[in-house]
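Colleague:
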Amino acid sequence: MSEVYLYTRVNYDKEVIKAHILNSGVLKTILSTDTVVVKPNFVQESRVQDGDWEYVITHPIIITSVIELLTDILKNPGKIIIADAPMTGASFSKILNHMPIDEWKKYCLDREVSIEIIDLRDEEWKMASNGIILSRKKLPGDPSGNVIANLRNDNSEFFNKPVTKQLLYGADYDIKETNKAHNGVDNIYCVSRTVIDADVLINLPKLKTHRKAGITCCLKNLVGINTNKNLLPHHTIGTPKVGGDQFESSSSSAALESKLTIIAKQVIVKFKCLSPILVPLKKIAVFVWGNSKKTARSGGWYGNDTLWRMILDLNKVMYYLNGDGTLRDDNCKSKKRYIGIVDGIYGGQGNGPLESEIIKAGVLICGTDPVEIDCVAAKIMGFDYKKIPQLIHAFEIKNYPITSSEYKDIICIQNGEDNIALKDYCKYDKKPWLAATGWQNHIEIKADFKT
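And the structure:
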């Protein structure tokens, strides 16, 4: 068990944020010669609807605060690496336009601490406004290369997934690639060697609601260490009636939409030049079946029984994978050193992660256990951790545990003073955040607030 530090009514004031992080003590495990990977949420340069970004990605002041604190600790050969794999359709250069890159580099240079900024992706896509892939561009990727992780059999959280004839869907149109990687025995992920080789990972998630995961915080932010996103199962194709979780409904209309969607995508896999045809076809589909803001599809609902497994697997990979593809010892003492600092000052509610609405929550959360941190975050949002699959199942992991805690043992220290068991904690604002469409009236804590 570790303690989670919650700071409320926080603004984007660098000195205040630095003081909170220091007072939490989460940086005390870092050694002067460590290689520290700082993993922000750089999911996309802005919200889908407009150019808003301050509640979509990790705020630069959070990153600046961490960099400045690290330079007080690190000495050569210690170094800082800021790394993420945004969504494949995102522009890394546009994301960095929001960041004071030159300021970071000068600050580190003046203190003789090395700093790098890396786009971990192997590929970037040009996409139509409705999400259709139009073209693909190869990227340099991680300069240190990738590591293949294989969580075989019961080392993976996919081991106990109910067996159906339905296929897993990743992030691309090539369904065969996803299902070859997750075949009932093997569970293969391709991850950044820079992240795996690092001595310490500092995770800097943006606190938001999420259409497929309920919330995105520390656990979900680890999706950004994967360099081939099509190896990440996001949902199981089909309706619940046939063992899928693509849709909440098992109606004949949903079943037809599922079949037609898969047929169209498989045609594009064989004939990539036909991709532009999908743009008008998708517009017709939205007209017929409705858009995802009102209709739960693509696993965007509380019954998604696929995504949480991938999320927990990636956290296992981060903690236990060696650079040669082997796993460390199966116990919490062998894990990589880890720190989580959550930017919930401006959060995102509603249909996140890319269509969020701003909520000025004023929250900063610090800790060293991602499950504990995410449980605190869920409580702050007014959400029941038992209704968030990656949280409730994280406590049930048998092999390669992510946490050694039980929910009842989580201690929340608020503003450096109140020391409260999380199960007894009532947040300062009783109104829950607006959940994503497919999670509304399900994820929220009931009125007694004793969850």
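If you count the sequence shown from 1, you need to add 10 to reach the working numbering.
We treat Cβ as the ideally placed atom computed from N, Cα and C, and that holds for glycine.
How many Å lie between Leu401 and Cys385 at the Cα?
Modeller: In a straight line, the C-alpha of Leu401 is about 7 Å away from that of Cys385.
Colleague: Could you tell me if Lys370 is buried or exposed, where buried requires 16 or more neighbouring beta carbons within 10 angstroms of its beta carbon?
Modeller: By the neighbour-count rule (16 or more Cβ atoms within 10 Å), Lys370 is not buried but exposed.
Colleague: Would you decide whether Ile390 is buried or exposed? Buried here means 16 or more other CB atoms lie within 10 Å of its CB.
Modeller: Ile390 should be labelled buried.
Colleague: Going by Cα to Cα distance, which pick from Ala387, Ile92, Leu444, Arg319 is closest to Gln359?
Modeller: If we check each option's Cα against that of Gln359, Leu444 comes out closest.
Colleague: Throw me the rounded Cβ distance for the Lys326 and Ile198 pair, which I believe falls under 8 Å.
Modeller: 13 Å between Cβ atoms; not a contact.
Colleague: Identify which residue in Val58, Ile73, Asp120 has its Cα closest to the Cα of Ser101.
Modeller: Checking every option, the nearest Cα to that of Ser101 belongs to Val58.
Colleague: How do the region 153–164 and the region 176–183 stand: do at least 3 beta-carbon pairs fall below 8 Å, yes or no?
Modeller: They do not touch, by the three-pair rule.
Colleague: I need the DSSP call for Asp353, collapsed to helix, strand or coil.
Modeller: DSSP places Asp353 in strand when its eight states are reduced to three.
Colleague: According to DSSP, is Tyr17 helix, strand or coil?
Modeller: Three-state result, Tyr17: strand.
Colleague: My parser needs the alpha helix (DSSP H) runs of 4 or more residues fully inside the region 77–145; what are they?
Modeller: 102–106, 111–120, all fully within the region 77–145.
Colleague: Measuring only the C-alpha atoms, how far is Lys460 from Lys433?
Modeller: Here the model assigns Lys460 a pLDDT of 46, short of 50, so the residue's position is not dependable, and the following value carries that caveat. So the two alpha carbons sit approximately 6 Å from each other.
Colleague: Ile27 by DSSP, collapsed to three states: which one?
Modeller: Looking at Ile27 - three-state DSSP - the assignment turns out to be helix.
Colleague: Quick one: Cα of Tyr438 to Cα of Gly448, how far?
Modeller: Here the model assigns Tyr438 a pLDDT of 47, short of 50, so the residue's position is not dependable, and the following value carries that caveat. Straight-line Cα distance between these residues: approximately 26 Å.
Colleague: Can the beta-carbon of Val46 be found less than 7 Å from the beta-carbon of Ile90?
Modeller: The answer is yes: Cβ separation under 7 Å.
Colleague: What are the boundary residues of the alpha helix (DSSP H) that includes Val205?
Modeller: 203–207 is the extent of the alpha helix (DSSP H) around Val205.
Colleague: Would you list the one or two residues that DSSP bridges to Thr45?
Modeller: Paired residues: Lys89.
Colleague: What is the rounded straight-line gap between the Cα of Ile355 and the Cα of Leu32?
Modeller: In a straight line, the C-alpha of Ile355 is about 18 Å away from that of Leu32.
Colleague: Which whole-angstrom value is the C-beta distance of Leu217 and Cys227, which I expect to be below 8 Å?
Modeller: About 6 Å; that satisfies the 8 Å criterion.
Colleague: Do the CB positions of Asp207 and Asp44 come within less than 7 Å of each other?
Modeller: Cβ atoms of Asp207 and Asp44: not closer than 7 Å.
Colleague: Do Ser260 and Tyr65 come within 7 Å of each other at the CB atom, strictly closer than that value?
Modeller: For Tyr65 and Ser260, no; Cβs fall outside 7 Å.
Colleague: Flag this pair as touching only if the region 394–410 and the region 102–120 have three or more C-beta atom pairs under 8 Å; answer yes or no.
Modeller: They do not touch, by the three-pair rule.
Colleague: Helix, strand or coil, according to DSSP, for Glu382 in the structure here?
Modeller: Three-state result, Glu382: helix.
Colleague: Give the range of the alpha helix (DSSP H) segment to which Glu187 is assigned.
Modeller: Element bounds for Glu187: 185–191.
Colleague: Figure out for me which residue from Cys342, Asp132, Gly313 has the closest Cα to the Cα of Lys239.
Modeller: Ranking the options by Cα distance to Lys239, first place goes to Asp132.
Colleague: Check Asp60 in the structure and name its three-state DSSP category.
Modeller: Coil at Asp60, not helix or strand.
Colleague: Assuming Asn325 is part of the alpha helix (DSSP H), what are its boundary residues?
Modeller: Per DSSP, Asn325 belongs to the alpha helix (DSSP H) from 317–330.
Colleague: May I have the straight-line CA-CA distance separating Asp82 from Leu374, to the nearest angstrom?
Modeller: Going from the Cα of Asp82 to the Cα of Leu374 covers about 21 Å.
Colleague: Report the residue ranges of all beta strand (DSSP E) runs contained in full by the region 377–429; include only those spanning at least 3 residues, in chain order.
Modeller: The region 377–429 contains these whole beta strand (DSSP E) runs: 421–424.
Colleague: Can you give me the Cβ contacts of Asp458 inside the same chain, cut-off strictly under 7 Å, excluding the 5 residues immediately before and after it?
Modeller: Below a pLDDT of 50, predicted positions are generally treated as unreliable, and Asp458, at 48, falls in that range; no measurement from the model is reported.
Colleague: Could you tell me whether the Cβ atoms of Thr74 and Asp353 are closer together than 7 Å?
Modeller: Cβ atoms of Thr74 and Asp353: not closer than 7 Å.
Colleague: Expressed to the nearest angstrom, what Euclidean distance is found between the alpha-carbon atoms of Trp311 and His245?
Modeller: When rounded, the distance between both Cα atoms is 10 Å.
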